[in-house]
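So the structure is just underneath, and the comments pick up after that.
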Amino acid sequence: MSHSMRLVVGSIKPFSHFRPLRSAYQFKGTWWRLILLSLLAFIVVGLTSFMNIKYAGEVPEYAGLASNDRLLFLMSEVITDGVLGLLTFAFIVLVGSLLFWSFFQEVGYKRLTYIHSYVVFILLLGMLLQLPFIAFLNEPSLISPYSLGVYVDLLTNNTFWLYFTYSLSIFLAWGTFVQYAAIKQSTTLSKGYILFWIVTLNLLIVAILAYMRTAF
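With my numbering applied, the sequence shown covers 15 to 230.
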């Protein structure tokens, strides 16, 4: 039995979309969608970087450059951030799935990477919807009205906690719901066990990414 990757449908109706996933041994339309998802990740993160520099002034060194050097600087920053964004989402799919596999071996690593691709799609959608706020509010992409970070920002200036809480968005909650629906259809484990480890592992991944952003 095969299962077709349909990112939009799976994100909106996960329970019905992932119902056949447990018995599926072949995944149709996966590779070309993953290539498009990788391209989308590069473009969205690169565009976010461009708007951060242009509207939010996230890179102060940009203001001190001569006009003929600014375009080269801007292109290098956008490309570099696009590549780093692509690697970050690859980390979420490949390493995140490996962490999940430790607790959901019945689902299988291949299915977990398949499921995590939907999560990446949802997170990229969140980044797209964040772009207007960068331009209109002149605030960097870190500051998202869709997350808990806007409230934590009032209490602390600790960089780690700001990165961590700004990642706790409604889009992460949406992705967590999709993960739960997909994994629940693929295993006989209890609902409580599934929900506990999905939430715990997602928080761990967010903490790792927040630490990497502050440490490096």
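Just so you know, even glycine gets a beta-carbon here, dropped at the ideal spot from N, CA and C. Keep in mind it's a predicted model, so treat the numbers as computed, not measured.
Identify, in the order they occur along the chain, each residue of the same chain with its Cβ nearer than 8 Å to the Cβ of Gln144, setting aside the five sequence neighbours on each side. Mapped onto the sequence shown, residue 144 falls at position 130. These residues qualify, in order along the chain: Thr62, Ser155, Ser158, Tyr160.
Which word fits Leu101, buried or exposed, when buried means at least 16 other C-beta atoms lie within 10 angstroms of its C-beta? One-based indexing of the sequence shown puts residue 101 at position 87. Leu101 is exposed by the Cβ-count criterion.
Assuming Leu98 and Phe64 form a contact by the criterion Cβ under 8 Å, report the distance between their Cβ atoms to the nearest whole angstrom. As a working note, residue 98 is residue 84 in the sequence shown. As a working note, residue 64 is residue 50 in the sequence shown. The Cβ separation is near 14 Å, so there is no contact.
Buried versus exposed, by CB contacts within 10 Å (16 or more), Glu91: Position 77 of the sequence shown holds residue 91. Buried, because 16 or more other Cβ atoms sit within 10 Å of the Cβ of Glu91.
Could you pull out every unbroken alpha helix (DSSP H) segment of at least 4 residues lying fully inside the segment 162-201, listed in chain order? 163-166, 173-180, 184-198
Flag this pair as yes or no: are the beta carbons of Ile136 and Trp188 separated by less than 8 Å? Along the sequence shown, one-based indexing puts residue 136 at 122. Along the sequence shown, one-based indexing puts residue 188 at 174. In this structure, Trp188 lies closer than 8 Å to Ile136 by Cβ.
Less than 8 Å between the C-beta atoms of Gly24 and Val192, yes or no? Numbered from 1 along the sequence shown, position 10 holds the residue referred to as residue 24. Numbered from 1 along the sequence shown, position 178 holds the residue referred to as residue 192. Yes.
Would you tell me roughly how many angstroms separate the C-alpha atoms of Phe32 and Phe41, rounded to the nearest one? For the purposes of this step, residue 32 is identified with residue 18 of the sequence shown, where counting begins at 1. For the purposes of this step, residue 41 is identified with residue 27 of the sequence shown, where counting begins at 1. Straight across, the Cα-Cα distance linking Phe32 with Phe41 is about 12 Å.
In this structure, does DSSP put Gln144 in helix, strand or coil? Residue 144 sits at position 130 when you count from the first residue of the sequence shown. It is helical.
Secondary structure at Phe117, three-state DSSP: helix, strand or coil? Here residue 117 is taken as the residue at index 103 of the sequence shown, counted from 1. Coil.
Quick one: residues in its chain with C-beta nearer than 7 Å to the C-beta of Ser183, no 5 flanking neighbours on either side, listed in chain order? For the purposes of this step, residue 183 is taken as the residue at position 169 of the sequence shown. The residues are Gly140, Ser158, Tyr160, Ser161.
Taking DSSP as the reference, what is the three-state secondary structure of Ser155? What you label residue 155 is simply residue 141 of the sequence shown in a count that begins at 1. Note: Ser155 maps to coil in three-state DSSP.
Would you report the Cα separation of Tyr225 and Phe174, rounded to the nearest angstrom? Counting from one through the sequence shown, the residue named residue 225 turns up at place 211. Counting from one through the sequence shown, the residue named residue 174 turns up at place 160. Cα-Cα distance, rounded: 6 Å.
In the DSSP assignment, find the unbroken beta strand (DSSP E) run with Lys205 in it and report its ends. Taking the first residue of the sequence shown as position 1, residue 205 is located at position 191. Looking at the DSSP string, Lys205 is not in any beta strand (DSSP E); the run it does join, the alpha helix (DSSP H), is 205-229.
Thr170: beta carbon under 7 Å from a heavy atom of the ligand FAD? For the ligand FAD, the structure offers nothing, since it holds no ligand at all.
Let me know if Tyr132 comes out buried or exposed under the rule of 16 or more other beta-carbons within 10 Å of its beta-carbon. By 1-based counting over the sequence shown, the position of residue 132 is 118. Per the 10 Å Cβ criterion, buried.
Per DSSP, which residues does Lys42 bridge with? Please list them. As a first step, residue 42 is located in the sequence shown; it is residue number 28 there, counting from the start. Per DSSP, Ser18.
From Thr44 to Ile197, what distance separates their C-alpha atoms? Mapped onto the sequence shown, residue 44 falls at position 30. Mapped onto the sequence shown, residue 197 falls at position 183. The straight-line gap from Cα to Cα measures roughly 18 Å.
Output the distance between the C-alpha atoms of Ala195 and Pro34, rounded to the nearest integer angstrom. As a position in the sequence shown, residue 195 is number 181, starting the count at 1. As a position in the sequence shown, residue 34 is number 20, starting the count at 1. Their Cα atoms are separated by approximately 12 Å.
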